[in-house]
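Engineer: Read in order, the letters of the sequence shown are residues 538 to 769 in my numbering.
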Amino acid sequence: MVRFYLQCLLLLLVAGRGSAQPMSYRGLSADTGTIYLRHNPLGWADLLDNNVNLGAEYRLNKNWSATMDAGFIFYSQYFSKTRQATGWLFRPGIRLYPGKYKSFFIDLQLHYKEVTYHVKDWIERDVVQGVASYEELTRFRYKKTVTGAHLMIGGRKYLTSNRRFLTELYFGLGLHFKEEGPYHQPANSRYDRAMRMMPQSINLNEVNANNAPRKWILLAVPWGLRIIYRLR
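1) Are the CB atoms of K650 and L626 nearer to each other than 7 Å?
2) For the candidate residues A724, W753 and K681, whose alpha-carbon lies nearest to that of T712?
3) So what's P578 in DSSP terms, helix, strand or just coil?
4) Look at T653 and K680 and say whether their C-beta atoms are less than 7 Å apart.
5) Leaving aside the five residues before and after S613 along the sequence, list all residues of the same chain whose C-beta is less than 7 Å from its C-beta, in chain order.
6) For the putative contact between Y573 and A603, defined by C-beta atoms under 8 Å, what is the C-beta separation to the nearest angstrom?
7) Can you tell me where the beta strand (DSSP E) holding K752 begins and where it ends?
8) Nearest-angstrom Cα distance between K657 and N600?
9) With DSSP as the reference, identify every bridge partner of S613, one or two as the case may be.
10) Decide if Q646 is buried, meaning its Cβ has at least 16 other Cβ atoms within 10 Å, or exposed.
11) Considering T704, what are the terminal residues of the beta strand (DSSP E) in which it resides?
12) Can you tell me whether DSSP reads D606 as helix, strand or coil?
13) Should K639 be labelled buried (16 or more other beta-carbon atoms within 10 Å of its own) or exposed?
14) Which residue from R575, N725, I765 and V758 puts its Cα closest to that of D663?
15) For F702, is the classification buried or exposed, using 16 other Cβ atoms within 10 angstroms of its Cβ as the cut-off for buried?
16) Would you mind sorting N577 into buried or exposed? The rule is 16 or more other CB atoms within 10 Å of its CB.
17) Spatial neighbours of F611 within its chain, please: CB distance less than 8 Å, with the 5 preceding and 5 following residues excluded, ordered by chain position.
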């Protein structure tokens, strides 16, 4: 009987060792690619500036990689009276994989967005000491430019057995510097009816007497999901 139990124990140890080896292999080989293509599908449903974006990641070595995302903004609800919106966004970055299995990452990402809105609405004219002399119903362009930086963390996981498709989730914090205002309009014009998801942190020029773009510093909370394809 003792011999039987010893044989069973030996078989379990051999089976456990055999099953542990593939798991270790999967972990160590979980991220051996060099070039990845990626897409953030949530950009299509962005609450303010709907966009389609594509990106890439290039592995510099075992722990570091360079990333780049670029997008085209094709629609916006930033203003309720927007007739058309076009713009671009660019997000270059650097990524660190600190873990053993390279499934966790830390991103430092720069952010640039430029959007031009075509609006039909009432715009204030001849603004003096914050008071408009009259309003005019017209079509005009409104331009927004945002620059900033994000620090994010996230994780990734394979979707298919051939290790070509992955998904990753990420979130973080950042700061944005924003300039916005009527574009190529007469001096002392003002328009401020944007739909904003959060209050502006600091208005660097509250008085817009000479039609200069308004400037803001605000907190950013980037988050999202990416679908990734390992090219090679």
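Glycine included, every Cβ here is placed at the ideal spot set by N, Cα and C.
Structural biologist: According to the structure shown:
1) What you label residue 650 is simply residue 113 of the sequence shown in a count that begins at 1. What you label residue 626 is simply residue 89 of the sequence shown in a count that begins at 1. Going by C-beta atoms, K650 is nearer than 7 Å to L626.
2) By one-based count along the sequence shown, residue 712 stands at place 175. Note on residue identity: the sequence assigns Leu, not Thr, to residue 712. It is W753 whose Cα lies nearest to the Cα of L712.
3) Within the sequence shown, the letter at position 41 stands for residue 578. Helix, per DSSP.
4) Residue 653 sits at position 116 when you count from the first residue of the sequence shown. Residue 680 sits at position 143 when you count from the first residue of the sequence shown. In contact: T653 and K680 (Cβ atoms closer than 7 Å).
5) Walking along the sequence shown from the start, residue 613 turns up at place 76. Answer for S613: L585, D586, N587, T619, A622, V652 and Y654, listed in chain order.
6) On the sequence shown, residue 573 is found 36 positions in, with the first residue counted as 1. On the sequence shown, residue 603 is found 66 positions in, with the first residue counted as 1. Incorrect: roughly 11 Å between the Cβ atoms, too far for contact.
7) The count along the sequence shown starts at 1 and reaches residue 752 at position 215. Residues R751 to A757.
8) By one-based count along the sequence shown, residue 657 stands at place 120. By one-based count along the sequence shown, residue 600 stands at place 63. Using only the alpha carbons, I get a separation of about 50 Å.
9) In the sequence shown, residue 613 corresponds to position 76, counting from 1. According to DSSP, which records beta bridges pairwise, S613 is partnered with D586.
10) One-based indexing of the sequence shown puts residue 646 at position 109. Counting Cβ neighbours within 10 Å, Q646 comes out buried, since at least 16 surround it.
11) Reading the sequence shown from its first residue, position 167 is the one you call residue 704. It spans F702 to Y720 - the beta strand (DSSP E) in which T704 sits, taken as one unbroken run.
12) The sequence position of residue 606 within the sequence shown is 69, counting from 1. Three-state DSSP puts D606 in a strand.
13) As a working note, residue 639 is residue 102 in the sequence shown. By the 10 Å Cβ count, K639 comes out buried.
14) Locating residue 663 in the sequence shown gives position 126, counting from the first residue. D663 has its Cα closest to that of N725, out of R575, N725, I765 and V758.
15) To locate residue 702, count along the sequence shown from 1; it is residue 165. Exposed.
16) In the sequence shown, residue 577 corresponds to position 40, counting from 1. Per the 10 Å Cβ criterion, buried.
17) Here residue 611 is taken as the residue at index 74 of the sequence shown, counted from 1. The answer, listed in chain order, is N587, N588, V589, A622 and T623.
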